[in-house]
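Numbering (the numbering used here), first residue to last: 657 to 929.
Idealized CB from N, CA, C, for every residue including glycine.
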C-alpha cells in the first residue's frame, strides 16, 4: 500500500458491519438506553504483566448487543473455520514473530496472505485438483511454503461455483512452489502447473482448459535489502517475478485450450497470451 496522487491510500478501510432487525433493536434501546456493558482488555508488554504495552481503556463489543435482547429472544450463531473469515493484519513484524514463536496466529501481512492462499487451495482441492498442503520449510515471508493461489470473484465465490468449474479427479495438479491466478469464466478439465500461470478472461469470453501443462521458473518471495521502500518494509518481503505465463482473452467468444505435453505454443483468434 502506498499513497495515491491525492495523498491517501487507494484501498478502503476495514469496518465492522452488523445487520439487525429494527423492531428488536428499538425494543432493546428502551431499557438499556443504548449502553453496552463495558470491560477492560489490558495489553501487557511481556509475560510479567507489570508493564502495559499500550494504555488500557474501557471497551465494549458491538456483538454484545445480543445480550440486551432478553432471555426470550432467539439468538443464533453461524460457526465456520476462523481463517476462512478472519485473518487480520494488525501486528508489526516484531510482534508477529513473537506470536508465531508462541504458536499463536501472527496476524500480520504475511499470515493474512498465507491464509488467503490456503483457503483458495482448499477450495481447488475440494473441487478435485491435487493441491499440496503447507510444507515444513518456510519462504522469505516467514510463512510455510504453500501454492500461491488467487481465485478472483469472476471465477467463483462459493464452494459450489468453484466445483462447477473443475472436472474432478482428472489428474490436475499444482506444485507446492507454484502461483496461480484465475479471473473470469474459466472451466478446467486438466491442468498441470509447476511455476506461475495467470489466466484472465474478460466479460463476454468463455475459456475451457481441456489440457494444459505449464512449467516455468515461477514467482517467489525474497528478502528485502536496506534500501527497500517503506511499503515493502512494513511487509518484510517482496515478490520476485522470475517467469510467469499469462493468458489474456479480451475479445468476446468461446475458446478452448488444448496443448500437448511438449508445451507447443498455440495462438487463438481473438485472444493473446
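Helix or strand or just coil, what does DSSP make of residue i?
i: residue 765; result: helix
i: residue 819; result: helix
i: residue 862; result: strand
i: residue 843; result: strand
i: residue 927; result: At residue 927 the pLDDT is 40, less than 50, meaning the model places this residue with poor confidence; the figure from the coordinates comes in the next sentence. Residue 927: coil per DSSP, three-state reduction.
i: residue 857; result: strand
i: residue 770; result: helix
i: residue 715; result: strand
i: residue 921; result: Confidence at residue 921 is low in this model, with a pLDDT of 40, below 50, so its placement is unreliable and no value can be given for it.
i: residue 681; result: helix
i: residue 894; result: strand
Alpha carbon to alpha carbon, how far is residue j from residue i? Give it in angstroms, no decimals.
i: residue 857; j: residue 842; result: 7 Å
i: residue 739; j: residue 707; result: 31 Å
i: residue 746; j: residue 763; result: 6 Å
i: residue 773; j: residue 661; result: 31 Å
i: residue 913; j: residue 844; result: 9 Å
i: residue 807; j: residue 787; result: 14 Å
i: residue 840; j: residue 910; result: 12 Å
i: residue 881; j: residue 723; result: 51 Å
i: residue 754; j: residue 886; result: 22 Å
i: residue 734; j: residue 899; result: 42 Å
Looking only at DSSP bridge pairs, what is residue i linked to?
i: residue 806; result: 837
i: residue 829; result: 786, 848
i: residue 912; result: 864
i: residue 874; result: 899
i: residue 708; result: 700
Our contact map puts residue i next to residue j with C-beta atoms below 8 Å; I'd like the distance itself, whole angstroms only.
i: residue 870; j: residue 853; result: 5 Å
i: residue 851; j: residue 874; result: 4 Å
Taking only beta-carbon atoms, is residue i less than 8 Å away from chain D?
i: residue 743; result: Within the model displayed, chain D is absent; a lone protein chain is all it includes.
Original post:
Is the stretch 800-808 touching the stretch 832-841, taking contact as three or more C-beta pairs under 8 Å?
Top reply: Taking 8 Å as the limit for Cβ pairs, the verdict is that the stretch 832-841 does touch the stretch 800-808.
**OP:** Taking 8 Å as the threshold, find out whether the stretch 890-906 comes into contact with the stretch 810-817 through three or more Cβ pairs.
**Re:** The stretch 890-906 makes no contact with the stretch 810-817; the number of CB pairs closer than 8 Å stays below 3.
Original post:
Pairing CB atoms from the stretch 730-744 with CB atoms from the stretch 686-703, are three or more of them under 8 Å?
Top reply: At 8 Å Cβ cutoff, the stretches do not touch.
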